[in-house]
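Student: Dropping the structure in here first, questions after.
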Amino acid sequence: MYIFDLDGTITDTNGLWVEVDREFLARRGLANTPEYERVVSRSIYPIAAQFTKEYYRLPEAPEAIMAEWDSLARRHYQELAPLKPGAAEFLRQCRGEGRPMAVFTACRPTLCEVALKRFGLWDLFGHIVYAEEIGLEKRDPRCFVRLSRLLDAPPEQCTLFDDSPDNCATAAKAGMVAVGVYDAYYAARQEELKAVCSRYILSFEELLN
Numbered sequence: 020m021y022i023f024d025l026d027g028t029i030t031d032t033n034g035l036w037v038e039v040d041r042e043f044l045a046r047r048g049l050a051n052t053p054e055y056e057r058v059v060s061r062s063i064y065p066i067a068a069q070f071t072k073e074y075y076r077l078p079e080a081p082e083a084i085m086a087e088w089d090s091l092a093r094r095h096y097q098e099l100a101p102l103k104p105g106a107a108e109f110l111r112q113c114r115g116e117g118r119p120m121a122v123f124t125a126c127r128p129t130l131c132e133v134a135l136k137r138f139g140l141w142d143l144f145g146h147i148v149y150a151e152e153i154g155l156e157k158r159d160p161r162c163f164v165r166l167s168r169l170l171d172a173p174p175e176q177c178t179l180f181d182d183s184p185d186n187c188a189t190a191a192k193a194g195m196v197a198v199g200v201y202d203a204y205y206a207a208r209q210e211e212l213k214a215v216c217s218r219y220i221l222s223f224e225e226l227l228n
């Protein structure tokens with residue numbers, strides 16, 4: 020089973036979330052901080068929203084915060100954000116080879132669907148799994164154990180493609196093969212990504228036949 024992350028792996032969308040955070044905070048006269056960015060960048064949506072509420076002592080409920088984030092991000096996913104180089108071609112190549120494929124993402128379901136359908140990729144996947152449904156952050160090894168059960172695929176039969184060093188490390192701990200995919204968002208951590216992965220690629224173009 021080939022399992023693909025979305026943001027920063029299939030789509031070039033990690034950077035837009037930094038902009039979403041900044042715009043959300045600017046509307047309230049607040050400033051982004053390194054601590055805030057570090058926490059929310061690694062968290063699933065509900066946890067990030069709860070943290071945002073508590074960190075900035077906001078009156079809004081986490082659900083309202085998530086809805087505003089969705090609104091800010093939707094146009095990017097629907098119209099602006101590009102695919103990573105070679106991603107569509109590699110996914111179609113895998114489908115042609117008969118490989119079972121899944122998406123496992125911390126992205127919001129509506130935004131993920133918009134992006135994949137926009138590029139004609141939605142139907143290539145047998146499963147679309149959202150981390151918020153599992154209820155664990157992707158850096159938690161239990162998350163990947165639960166994922167393998169949902170996919171009915173033992174971890175040792177799964178290969179994860181992901182740009183995050185944390186996600187690749189936890190997937191490897193769970194028994195999966197991890198393939199690191201370069202993304203500028205994690206540029207400073209590429210040696211760490213290489214160290215925890217069985218393979219590292221700068222783009223999917225390297226895997227095309």
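Number 228 marks the last residue of the sequence shown (the working numbering); no jumps.
Quick reminder that beta carbons are idealized off the backbone N, C-alpha and C, glycines included.
Classify residue 171 as buried or exposed, calling it buried when 16 or more other Cβ atoms lie within 10 Å of its own Cβ.
Tutor: Translated into the one-based positions of the sequence shown, residue 171 becomes position 152. So residue 171 ends up on the exposed side.
Student: Here's a check: name, in chain order, each residue in its chain whose Cβ is nearer than 6 Å to the Cβ of residue 97, leaving out the five neighbours to either side.
Tutor: Sequence index remark: in the sequence shown, residue 97 carries index 78 (1-based). Correct list, in chain order: 133.
Student: Can you grab the Cα-Cα spacing for the pair residue 228 / residue 142, in whole Å?
Tutor: On the sequence shown, residue 228 is found 209 positions in, with the first residue counted as 1. On the sequence shown, residue 142 is found 123 positions in, with the first residue counted as 1. So the two alpha carbons sit approximately 22 Å from each other.
Student: Could you have a look at residue 191 and say whether DSSP puts it in helix, strand or coil?
Tutor: Numbered from its first residue, the sequence shown carries residue 191 at position 172. Three-state result, residue 191: helix.
Student: Under 7 Å Cβ to Cβ from residue 188, same chain only, skipping five residues before and after it: list those, please.
Tutor: By 1-based counting over the sequence shown, the position of residue 188 is 169. Result list for residue 188: 215, in chain order.
Student: From this set, 110, 155 and 120, which residue's C-alpha is nearest residue 222's C-alpha?
Tutor: Taking the sequence shown and counting its residues from 1, one reaches residue 222 at position 203. Checked all of 110, 155 and 120; the closest Cα to residue 222 is 110.
Student: Which ranges would you report for the beta strand (DSSP E) in the segment 84-153 if only whole runs of at least 3 residues count?
Tutor: Segments of the beta strand (DSSP E) lying fully in the segment 84-153: 120-124 and 146-149.
Student: Here's a check: name, in chain order, each residue in its chain whose Cβ is nearer than 7 Å to the Cβ of residue 226, leaving out the five neighbours to either side.
Tutor: In the sequence shown, counting from the first residue as 1, residue 226 sits at position 207. Cβ neighbours of residue 226 beyond the five flanking positions: 109 and 220.
Student: Tell me whether residue 219 sits in a helix, a strand or coil according to DSSP, three-state version.
Tutor: Within the sequence shown, numbered from 1, the residue matching residue 219 stands at position 200. Strand.
Student: When the Cα of residue 163 is compared with those of 145, 126 and 197, which residue comes out closest?
Tutor: The count along the sequence shown starts at 1 and reaches residue 163 at position 144. For the residues 145, 126 and 197, the minimum Cα distance to residue 163 belongs to 197.
Student: Only counting the same chain, and skipping five residues up and downstream in sequence, which positions put a Cβ closer than 7 Å to that of residue 184?
Tutor: Start at 1 with the first residue of the sequence shown, and residue 184 comes out as number 165. Counting only Cβ-Cβ distances below 7 Å, and skipping sequence neighbours, we find 205, 208, 211, 212 and 215.
Student: Compute the Euclidean distance between the alpha carbons of residue 176 and residue 147, then round it to the nearest angstrom.
Tutor: Mapped onto the sequence shown, residue 176 falls at position 157. Mapped onto the sequence shown, residue 147 falls at position 128. About 18 Å.
Student: Does the distance from the CB of residue 34 to the CB of residue 182 come in under 8 Å?
Tutor: Taking the first residue of the sequence shown as position 1, residue 34 is located at position 15. Taking the first residue of the sequence shown as position 1, residue 182 is located at position 163. No, the pair does not count as a contact, with Cβ atoms beyond the cut-off.
Student: Identify the residues that DSSP records as bridge partners of residue 22: which are they?
Tutor: To locate residue 22, count along the sequence shown from 1; it is residue 3. The partner list for residue 22 (beta bridge, DSSP) reads 121 and 179.
Student: According to DSSP, simplified to helix, strand and coil, what is residue 50?
Tutor: Within the sequence shown, numbered from 1, the residue matching residue 50 stands at position 31. Correct three-state label for residue 50: coil.
Student: For the alpha helix (DSSP H) that contains residue 197, what are its first and last residues?
Tutor: What you label residue 197 is simply residue 178 of the sequence shown in a count that begins at 1. Here residue 197 belongs to no alpha helix (DSSP H); instead the beta strand (DSSP E) covers 196-200.
Student: Count the other CB atoms within 10 Å of the CB of residue 145; is the residue buried (16 or more) or exposed (fewer)?
Tutor: Here residue 145 corresponds to residue number 126 of the sequence shown, with the count starting at 1. Its Cβ having fewer than 16 others within 10 Å, residue 145 is exposed.
Student: Please classify residue 30: does DSSP put it in a helix, a strand, or coil?
Tutor: Position 11 of the sequence shown, counted from the first residue, corresponds to residue 30. It is a strand residue.
Student: Taking the continuous alpha helix (DSSP H) assigned at residue 170, which residues delimit it?
Tutor: To locate residue 170, count along the sequence shown from 1; it is residue 151. Residues 160-170.
Student: Would you tell me roughly how many angstroms separate the C-alpha atoms of residue 70 and residue 24, rounded to the nearest one?
Tutor: Looking up residue 70 in the sequence shown gives position 51. Looking up residue 24 in the sequence shown gives position 5. Cα-Cα distance, rounded: 23 Å.
Student: Buried or exposed, going by whether 16 or more other CB atoms sit within 10 Å of the CB of residue 157?
Tutor: In the sequence shown, residue 157 corresponds to position 138, counting from 1. By the 10 Å Cβ count, residue 157 comes out buried.
Student: So, is residue 115 buried or exposed, given that buried needs 16 or more other C-beta atoms within 10 angstroms?
Tutor: Reading the sequence shown from its first residue, position 96 is the one you call residue 115. So residue 115 counts as exposed.
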